[in-house]
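Asker:
Numbering (the working numbering), first residue to last: 1 to 108.
Here it is in structure tokens:
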């Protein structure tokens, strides 16, 4: 009965992302479709070896190698887990990481 009665016109709420998308599409529609930089790019790029070296090198961060936990580390994490199982209060991942980093091994 509620849906049949009353005025149900609401103003559309647009986010900042929607506004940016709208303004970007308007700028694309207003442009001629040709980019002055893209038209002369292949000639300049072929002559400039420093730019090619930068492109070959790349900007991505180096990948880290995967490392398995040692037996001692696994045992320590297991003990934290079992402590949470017995008490009923689980340790948060943030607190567990802090504990592991602050833990001092007797052998160094």
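Positions of the beta carbon are idealized from the N, C-alpha and C atoms, including for glycine.
Source: prediction; values computed, not measured.
Checking 8 Å against the spacing of the C-beta atoms, do residue 87 and residue 80 come in under that value?
Answerer: No, they are not a contact pair.
Asker: If the criterion is Cβ atoms closer than 8 Å, does the pair residue 76 and residue 103 meet it?
Answerer: It is a contact, given that the beta carbons lie within the stated cut-off.
Asker: So the alpha helix (DSSP H) residue 107 belongs to, where does it begin and stop?
Answerer: Unbroken run through residue 107: none, as it is neither H nor E.
Asker: Can you name the start and end residues of the alpha helix (DSSP H) that residue 72 belongs to?
Answerer: Segment 71 to 87, the alpha helix (DSSP H) holding residue 72.
Asker: Specify the secondary structure class of residue 66 as computed by DSSP and reduced to three states.
Answerer: Correct three-state label for residue 66: coil.
Asker: In angstroms, rounded to a whole number, what distance separates the CA positions of residue 106 and residue 94?
Answerer: Taking the straight line joining both Cα atoms gives about 24 Å.
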